[in-house]
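Residue numbers (full-length UniProt numbering), protein chains in the order written: chain A, 1 to 429; chain B, 1 to 429.
Glycine included, every Cβ here is placed at the ideal spot set by N, Cα and C.
Just so you know, these numbers come straight off a predicted model, no measurement behind them.
There are 2 protein chains.
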Amino acid sequence: MKPIKVGLLGLGTVGTGVVRIVEGHQEDLQSQVGLPIVIEKVLVQNKTKSRSISIDPDKLTEDPWDIIRHPDIDVVVEVMGGIAGTKEYIIEALSRGKHVVTANKDLMALHGPEIVAKAKENGCDILYEASVAGGIPILRTLVDGFSSDRITKIMGIVNGTTNYILTKMSQEGASYSDVLKEAQELGYAEADPTSDVEGLDAARKMTILATLGFRTNVSLANVSAKGISQVSKEDILYAKRLGYELKLLGIAERQDDLVSISVQPTMVKQTHPIASVNGVFNAVYVYGDAVGETMFYGAGAGELPTATSIVADLVAVVKNLKLGVSGKQNGVADYKETKLKSDDQISSKYFLLLHVADRAGVLARITQVFAEFEVSLESVLQQPNPNNPDAEIIIITHDASKAAIQKVIDTFGSLDVVYKVKSVYRVEG
Amino acid sequence: MKPIKVGLLGLGTVGTGVVRIVEGHQEDLQSQVGLPIVIEKVLVQNKTKSRSISIDPDKLTEDPWDIIRHPDIDVVVEVMGGIAGTKEYIIEALSRGKHVVTANKDLMALHGPEIVAKAKENGCDILYEASVAGGIPILRTLVDGFSSDRITKIMGIVNGTTNYILTKMSQEGASYSDVLKEAQELGYAEADPTSDVEGLDAARKMTILATLGFRTNVSLANVSAKGISQVSKEDILYAKRLGYELKLLGIAERQDDLVSISVQPTMVKQTHPIASVNGVFNAVYVYGDAVGETMFYGAGAGELPTATSIVADLVAVVKNLKLGVSGKQNGVADYKETKLKSDDQISSKYFLLLHVADRAGVLARITQVFAEFEVSLESVLQQPNPNNPDAEIIIITHDASKAAIQKVIDTFGSLDVVYKVKSVYRVEG
Numbered sequence: 001m002k003p004i005k006v007g008l009l010g011l012g013t014v015g016t017g018v019v020r021i022v023e024g025h026q027e028d029l030q031s032q033v034g035l036p037i038v039i040e041k042v043l044v045q046n047k048t049k050s051r052s053i054s055i056d057p058d059k060l061t062e063d064p065w066d067i068i069r070h071p072d073i074d075v076v077v078e079v080m081g082g083i084a085g086t087k088e089y090i091i092e093a094l095s096r097g098k099h100v101v102t103a104n105k106d107l108m109a110l111h112g113p114e115i116v117a118k119a120k121e122n123g124c125d126i127l128y129e130a131s132v133a134g135g136i137p138i139l140r141t142l143v144d145g146f147s148s149d150r151i152t153k154i155m156g157i158v159n160g161t162t163n164y165i166l167t168k169m170s171q172e173g174a175s176y177s178d179v180l181k182e183a184q185e186l187g188y189a190e191a192d193p194t195s196d197v198e199g200l201d202a203a204r205k206m207t208i209l210a211t212l213g214f215r216t217n218v219s220l221a222n223v224s225a226k227g228i229s230q231v232s233k234e235d236i237l238y239a240k241r242l243g244y245e246l247k248l249l250g251i252a253e254r255q256d257d258l259v260s261i262s263v264q265p266t267m268v269k270q271t272h273p274i275a276s277v278n279g280v281f282n283a284v285y286v287y288g289d290a291v292g293e294t295m296f297y298g299a300g301a302g303e304l305p306t307a308t309s310i311v312a313d314l315v316a317v318v319k320n321l322k323l324g325v326s327g328k329q330n331g332v333a334d335y336k337e338t339k340l341k342s343d344d345q346i347s348s349k350y351f352l353l354l355h356v357a358d359r360a361g362v363l364a365r366i367t368q369v370f371a372e373f374e375v376s377l378e379s380v381l382q383q384p385n386p387n388n389p390d391a392e393i394i395i396i397t398h399d400a401s402k403a404a405i406q407k408v409i410d411t412f413g414s415l416d417v418v419y420k421v422k423s424v425y426r427v428e429g
Numbered sequence: 001m002k003p004i005k006v007g008l009l010g011l012g013t014v015g016t017g018v019v020r021i022v023e024g025h026q027e028d029l030q031s032q033v034g035l036p037i038v039i040e041k042v043l044v045q046n047k048t049k050s051r052s053i054s055i056d057p058d059k060l061t062e063d064p065w066d067i068i069r070h071p072d073i074d075v076v077v078e079v080m081g082g083i084a085g086t087k088e089y090i091i092e093a094l095s096r097g098k099h100v101v102t103a104n105k106d107l108m109a110l111h112g113p114e115i116v117a118k119a120k121e122n123g124c125d126i127l128y129e130a131s132v133a134g135g136i137p138i139l140r141t142l143v144d145g146f147s148s149d150r151i152t153k154i155m156g157i158v159n160g161t162t163n164y165i166l167t168k169m170s171q172e173g174a175s176y177s178d179v180l181k182e183a184q185e186l187g188y189a190e191a192d193p194t195s196d197v198e199g200l201d202a203a204r205k206m207t208i209l210a211t212l213g214f215r216t217n218v219s220l221a222n223v224s225a226k227g228i229s230q231v232s233k234e235d236i237l238y239a240k241r242l243g244y245e246l247k248l249l250g251i252a253e254r255q256d257d258l259v260s261i262s263v264q265p266t267m268v269k270q271t272h273p274i275a276s277v278n279g280v281f282n283a284v285y286v287y288g289d290a291v292g293e294t295m296f297y298g299a300g301a302g303e304l305p306t307a308t309s310i311v312a313d314l315v316a317v318v319k320n321l322k323l324g325v326s327g328k329q330n331g332v333a334d335y336k337e338t339k340l341k342s343d344d345q346i347s348s349k350y351f352l353l354l355h356v357a358d359r360a361g362v363l364a365r366i367t368q369v370f371a372e373f374e375v376s377l378e379s380v381l382q383q384p385n386p387n388n389p390d391a392e393i394i395i396i397t398h399d400a401s402k403a404a405i406q407k408v409i410d411t412f413g414s415l416d417v418v419y420k421v422k423s424v425y426r427v428e429g
């Protein structure tokens, strides 16, 4: 039987994992698809570099076009990352009738609809399970597993670096900067950690999750993102004392035709299943009208977990090829236009930590501001601040609109008894 | 466009949910499959009974053959339960070229391979996502999501009734019989709870999970099952004190070509993600060679969660029909024969609670028995028994074979210093 020939763009951590799995699980894979899957050509930056896997040097190339234009290659697997150049390769591969499997969240978050349309036009499959939450098969779960349901909320811990940092801060009472330094030394955080710690990586993944979960053409510009670089160990301490863990959550919500998607550090009730997802693990919590609450948990990154998703996509591509239905199941290009909620319509509980003057009547003045903007309060805790002559007030609100909370904060800015709005967090669970 | 016509066998809780979702989400469903899905005929026990949903009386029938032999029905959805009669209907429906979606774990655990073979023979789809863990799309995750990986272990909390009982016993220190009574009053446990509390329901679900996860023809007879009716509140108390929760776990393991599948109350380390799955919720923990640990969590039963899985299967059937690939993706019939591990080859940690004579040398005598059968110990705790003149010894072993532990227990039976082997549990995590 004619084998399926794969061209691999990139032989870094994940690319190496793909080779390992395709070779190590070859027998299992063949028993499922009925024919051999062969890595035919691999794009590398330097052919002579030594590697942790043995690979026929004739299969290596430093020229991507050797793969894109290769007449015998059926499927291109892209694990090189990057946006502009990579997009060109993928579009050209699709134009030549090659199916594409990619792990590239940046590319899919920015150019997903265009790439999917190109795939459709050419009768090709484009699959990208590995782009979100590494080894967790969450994209096919949203598309196939919940095809019958109306998903109304997706909450994700989809960035391992920030979850590692917040877990360490929570468990050891360490400061953000100390844990970041440690994470960089361990290779869990990059030298320039901006994309992870400022929530941009998570925002890209939430773009993809919301698109598939809500069957709506969400673009990255629709996602508001705030990272963890301003989180203090005091914030985490107060969270724990009130029964919460602080997590960087991507939250996508839908109500009728309106959606909102955001990434921000969020206080999550300790009893919520997502609160106990620790370290570099990822989890995606999905709430459906009919199914209620579900959660999917696993490794969010790493050579083999990510490669598992890529090779599962490869198996799907080969099955579709054999069944003659390639390119028939890419729905994204037809999805509805996104209508965003305004800040008046986005509702949640909030946590606020205020530094205030320590004198009579202050609490009354502050709670009056909340009342003025119709924000009702779930709990209020006032205590002396051990380090300062001022007092601390911790407030958790009932559900309130984002706009109302912003007005409350703005008003505090002009109130002489409020020295500082130290922290504001969304609250879930 | 010609609508897809569905015949529904059964209009109990889950059947009602199917009608609600197909009608309530019709627009969403049509946007995915491109044509209407219509419930054409519904089998009920009594046509005149009043119902919580409004349904055209002309669609109701008390004769299953009205549906099985109906010339226009494309898909039969079976939610009536039962084995012998139901099997006949499903086999006949498949013979007539109708696709089948079923939630019937008993039937699939007992006759899965035969039914799947019949579907294949007739070019029909047979899907049964709802048969295991209600709303959690775990079967398609095993088949598609992890197609590239080699799954080596599946642990499941797949019975909501027993998880509810154990959760209550753990959280409130209540006795088994009190909580069972309460669960029966709340409708979480049946009047005859045997199938749930003795682990038989879980065993059927583990048969299905192991079959799909290991791609091996597991039969129900391959699963050893023990239930929770002998669990005492003391057992749970001791478990918690040592940092464990007691859960009824289905455990399927694979090593090379050998498998073992069992259901038993198991001490799970509190830090393991499955330990905090409480109440009627289900969770399936999957360990793959490449992906590492993953877990899938959600409602295990209930009208709408279960119906979600059924209608997702229905969507898959319609997509396959439109793509012309019906019946091409049912792999089970070709799966490998099951080779079971012997008790010598099944290995885990164990917890033992012994009542022993409270005198010098007893602990030495007991630990000598473990040594004799080469079972090494992780921890030993001896304490006076507040209610009796004898002492209690709690032991957690290192990994030991099931056969060796049985020999240890047998030897204790003939030892005069051991009054009673009070409890023996497998330990995980």
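If the cut is a Cβ gap below 7 Å, which residues of chain B does residue i touch?
i	result
A/ARG254	Simply none; closest approach about 12 Å.
residue 502 of chain A	It is not possible to answer for residue 502 of chain A, since the shown part of chain A is limited to 1 through 429.
A/GLN26	The contacting residues do not exist; A/GLN26 stays about 11 Å from chain B at best.
A/ILE21	SER148, ALA290
Determine the chain A residues that contact residue i at a beta-carbon separation under 8 Å, and present them in chain order.
i	result
B/PRO137	THR141, ASP144, GLY145, PHE146
B/THR16	Chain A residues near B/THR16: none, gap ~12 Å exceeds 8 Å.
B/ALA192	Checking the sequence, you will find Asp at residue 192 of chain B rather than Ala. Those within 8 Å of B/ASP192 in chain A number zero; the least Cβ separation is about 28 Å.
B/PRO305	ALA290, VAL291, GLY292
B/GLN270	None at all; the shortest Cβ gap to chain A is about 10 Å.
B/GLN345	Simply none; closest approach about 22 Å.
B/THR308	PHE146, SER148, ASP149, GLY288, ALA290, VAL291
Which one or two residues does DSSP pair with residue i in a beta bridge?
i	result
B/ALA252	B/ILE154, B/ILE261
B/ALA299	B/PHE281
A/SER229	DSSP output for A/SER229 lists no bridge partner at all.
A/LYS41	A/GLY7
B/HIS25	Answer by DSSP bridge pairing: none, since B/HIS25 is not bridged.
B/LYS120	B/LYS120 is not bridged to any residue.
B/GLN382	B/ILE393
Taking Cβ-Cβ distances shorter than 7 Å, what residues in chain A pair up with residue i?
i	result
B/SER276	SER276
For a contact defined as C-beta to C-beta under 9 Å, what are the partners of residue i on chain B?
i	result
A/VAL79	Those do not exist, as A/VAL79 stays about 14 Å from chain B at its closest Cβ, beyond 9 Å.
A/LEU29	SER147, SER148
Assuming residue i and residue j make a contact with CB atoms under 8 Å, what is their CB distance in whole Å?
i	j	result
A/ARG204	A/LYS105	5 Å
B/ILE274	B/ILE157	6 Å
A/ILE37	A/LEU314	7 Å
A/VAL356	A/VAL418	5 Å
B/ASP66	B/LYS41	6 Å
B/GLY24	B/MET1	Between B/MET1 and B/GLY24 the Cβ distance is about 21 Å, and since that is not below 8 Å, they are no contact.
A/GLY135	B/THR266	25 Å between Cβ atoms; not a contact.
Could you name the residues of chain A that residue i contacts, counting a contact when the two beta carbons are closer than 9 Å?
i	result
B/THR211	Simply none; closest approach about 15 Å.
Residues of chain B with a CB under 8 Å from the CB of residue i: which are they?
i	result
A/GLN171	The premise fails here: A/GLN171 is roughly 12 Å from chain B at the closest Cβ pair, so nothing lies under 8 Å.
The region 312-329 of chain A: positions lying closer than 8 Å to chain B by Cβ
Taking 8 Å as the Cβ-Cβ cut-off, the region 312-329 of chain A approaches chain B at ALA312, LEU314, VAL315, ALA316, LYS319, LEU323, GLY324, VAL325, LYS328, GLN329, given in chain order.
Would you be able to state if there are at least three C-beta pairs under 8 Å between the region 269-283 of chain B and the region 298-309 of chain B?
Yes, they touch.
Please identify, using Cβ separations under 9 Å, the residues of the region 96-112 of chain B that lie next to chain A, in order along the chain.
The residues in question: there are none.
Any residues in the region 217-248 of chain A with a beta carbon nearer than 7 Å to a beta carbon of chain B? Which ones, in chain order?
Along the region 217-248 of chain A, there is no position whose C-beta sits under 7 Å from a C-beta of chain B.
Inspect the CB distances between the region 401-417 of chain B and the region 368-381 of chain B and report whether three or more fall short of 8 Å.
Segments in contact, yes.
Is the region 124-138 of chain A in contact with the region 46-58 of chain A, if contact means three or more CB pairs nearer than 8 Å?
They do not touch, by the three-pair rule.
Closer than 8 Å is the cut-off here; do at least three beta carbon pairs connect the region 343-354 of chain B with the region 149-169 of chain B?
Contact fails: fewer than three Cβ-Cβ distances are below 8 Å.
Scan the UniProt domain "ACT" (351-426) of chain A for residues whose Cβ lies nearer than 7 Å to a Cβ of chain B and list them as they occur along the chain.
Taken residue by residue, none of the UniProt domain "ACT" (351-426) of chain A has a beta-carbon sitting less than 7 Å from a beta-carbon on chain B.
If we count Cβ pairs, one from each stretch, closer than 8 Å, do we get three or more for the region 412-428 of chain A versus the region 348-362 of chain A?
The region 412-428 of chain A and the region 348-362 of chain A touch, with no fewer than 3 CB-CB distances between them shorter than 8 Å.
Assess contact between the region 304-321 of chain A and the region 230-248 of chain A, defined as three or more Cβ pairs (one per stretch) separated by less than 8 Å. Is contact present?
Using a C-beta cut-off of 8 Å, the region 304-321 of chain A makes no contact with the region 230-248 of chain A, since fewer than three inter-stretch Cβ pairs fall below that distance.
Interface residues of the region 35-53 of chain B facing chain A [CB-CB below 7 Å]:
Nothing from the region 35-53 of chain B brings a Cβ to less than 7 Å from some Cβ of chain A.
Is the number of C-beta pairs between the region 394-403 of chain A and the region 49-65 of chain B that are closer than 8 Å three or more?
At 8 Å Cβ cutoff, the stretches do not touch.
What are the residues in the region 176-202 of chain A lying within 7 Å of chain B by C-beta distance?
Those residues of the region 176-202 of chain A that come within reach of chain B (Cβ to Cβ, closer than 7 Å) do not exist; the list is empty.
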